[in-house]
Amino acid sequence: MWKNVILLGAFAFLLCACGGARNAKLPDGSEGYSINCNGTDNDWADCYNQAADKCDGPYEIVSTNTVGVGNTPMRNIIVKCKK
Numbered sequence: 001m002w003k004n005v006i007l008l009g010a011f012a013f014l015l016c017a018c019g020g021a022r023n024a025k026l027p028d029g030s031e032g033y034s035i036n037c038n039g040t041d042n043d044w045a046d047c048y049n050q051a052a053d054k055c056d057g058p059y060e061i062v063s064t065n066t067v068g069v070g071n072t073p074m075r076n077i078i079v080k081c082k083k
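Next up, the structure:
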């Protein structure tokens, strides 16, 4: 029983650490993206690459944030596409 709980917790953690991007409403009313690139397998370059992919080219960095949860860095970047 406990083994299943531990495996489920580990799986959930891995899903959260994978990162991703979602739409974000920016303070000026425009649309942007909030991009997560969490975990030790990712770095800021992964965030920047995801931003370039989402924007299909140039973008402006609105904010960045890093926090550590144990030994796991949690990175977030908010971008506005330059189209």
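Numbering (full-length UniProt numbering), first residue to last: 1 to 83. For each residue, glycine too, the CB sits at the ideal point set by N, CA and C. A quick note: this is a predicted structure, and the numbers were derived from the prediction, not measured.
Closest Cα partner of residue i within the set the options
i, options, result
"P73", "N42, A24, G20 and G29", "N42"
"G68", "C37, S30 and R22", "C37"
"K82", "N65, P58 and T64", "P58"
Reduced DSSP category for residue i - H, G, I as helix; E, B as strand; rest coil
i, result
"A12", "With a pLDDT of 43 at A12, under the threshold of 50, the modelled position of that residue is not reliable, and no figure is offered here."
"residue 90", "Nothing about residue 90 can be reported from this structure: the residues present for the chain run from 1 to 83 only."
Neighbourhood of residue i by C-beta distance below 7 Å, restricted to the same chain and skipping five residues each side
i, result
"E31", "N23 and K25"
"E60", "V79, K80 and K82"
Within 9 Å, strictly: CB atoms of residue i and residue j
i, j, result
"C55", "I77", "no"
Same chain only: Cβ atoms within 8 Å of residue i, ignoring 5 sequence neighbours per side
i, result
"T40", "N71, T72 and P73"
Beta-bridge partners of residue i, as assigned by DSSP
i, result
"N76", "N36 and N65"
"N23", "Y33"
Cut-off 6 Å between Cβ atoms - residues of its own chain near residue i, not counting five sequence neighbours on either side
i, result
"N65", "N76"
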